Each structure stands twice: as structure tokens, then as C-alpha cells.
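Enquirer: One structure coming up, written as C-alpha cells, with questions to follow.
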Amino acid sequence: MPSIDDIHEEYDFLDPDDRYRLLIDLGRELEAMPDALKIDATLVRGCSASVWVYPTRRDDGTLHFLADSNAAITKGIIALVLLTVQDRAPADILKTDIPGALAPFDLSRQLSSNRTQGIPNMIALIRETAARYA
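In C-alpha cells, the structure reads:
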């Protein structure tokens with residue numbers, strides 16, 4: 434996956450339809466999440482679409498997240514969120530300003546409120562996971 438800065442640079446030059454396509458393409462690039470992990474315990478509450486996030490801890494102590502959604506654009510939003518934290522140490526994740534990293538995308542202005550309402554819950558789940566492992 435490219436860096437969030439690279440994605441933002443490309444995103445800025447696109448018209449709204451192409452921005453949707455970019456988000457959908459990002460979602461397609463997510464590592465596949467096995468259906469067996471898409472259970473109530475991994476479901477992110479408060480999202481209009483179904484969103485699952487499953488954390489794993491690597492041998493080096495970093496956290497790796499598997500995620501999926503039943504909505505293509507929402508899956509792309511998850512991919513953006515994960516670009517800010519994927520494969521990083523829990524303490525680093527806790528220090529990361531995830532909303533700040535997403536702010537340049539102005540998602541609340543680009544997408545409907547239904548599409549963006551679950552972002553704080555995704556971020557909260559990631560932070561809670563990082564806090565448990567920190």
C-alpha cells in the first residue's frame with residue numbers, strides 16, 4: 434500500500450467521481466479477511482455498513498489489522514484509516530493523530546454522513562486495541 438501522503442496527493446487532483454473510484458480501489462487492495470473472522474466480536478458498532486476489524490500482534494510487537502466491509506467505499510475508508518497505523522507499535526499508534534491524518538481528505542464534505550459516521554468508532558477500536566497491547 435502507498436503512504437497516506439501519496440494517496441492524499443493523488444486525491445487532491447481528482448474530481449468527486451474519481452475520488453470515489455480511488456477509495457474503492459484502496460479497499461480492493463486490503464488484505465483479504467477470512468469470513469471466519471467476520472463475527473459479532475469484530476464488528477465495528479455505529480457504522481451504516483457492516484465493518485469488521487481484527488487485530489493481530491506480530492512477533493516484533495507491532496499490530497497488524499485485517500479489515501473488511503460489505504460496502505466498497507466504506508472499505509476504502511477503512512484502508513485510509515489503516516494506512517495511518519498498520520504494522521506499527523502500539524505506543525506509536527496511540528501517539529498517532531488519526532483524525533488529523535484523515536482531515537486533508539475532508540471526507541465529511543466529500544461523502545454522505547452515512548458513509549463517514551463510523552470513522553470515529555473505527556478509530557476508537559484501533560486505539561483501544563493499541564492501549565491493550567501498549
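Residues in the sequence shown are numbered consecutively from 434, following my numbering.
Backbone N, C-alpha and C define an ideal beta-carbon position, used for all residues, glycine too.
Note that the structure is predicted; figures quoted are calculated from it, not measured.
Using only the alpha-carbon positions, how far apart do Ala584 and Thr562 sit?
Expert: The shown model of the chain, from 434 to 567, leaves out residue 584, and the question about it has no answer.
Enquirer: Name the two residues that bound the continuous alpha helix (DSSP H) containing Thr507.
Expert: Counting along the chain, the alpha helix (DSSP H) containing Thr507 begins and ends at 505-516.
Enquirer: Can you give me the C-alpha to C-alpha distance between Ile472 and Ala512, rounded to a whole angstrom?
Expert: When rounded, the distance between both Cα atoms is 19 angstroms.
Enquirer: If we ignore side chains and look at the alpha-carbon of each, how far apart do Arg478 and Asn503 end up?
Expert: Going by the C-alpha atoms only, they are around 14 angstroms apart.
Enquirer: In this structure, does DSSP put Pro467 in helix, strand or coil?
Expert: In the structure shown, Pro467 sits in coil (DSSP, three-state: anything other than H, G, I, E or B).
Enquirer: Specify the secondary structure class of Ser482 as computed by DSSP and reduced to three states.
Expert: Reading the sequence as shown, one finds Ala at residue 482 and not Ser. It is coil, neither helix nor strand.
Enquirer: What does DSSP give as the partner residue(s) for Phe498 in the beta ladder?
Expert: Phe498 is bridged to Pro488.
Enquirer: Would Arg491 and Tyr566 qualify as a contact pair, given that the criterion is a beta-carbon distance under 8 angstroms?
Expert: No, these two residues do not count as a Cβ contact at 8 angstroms.
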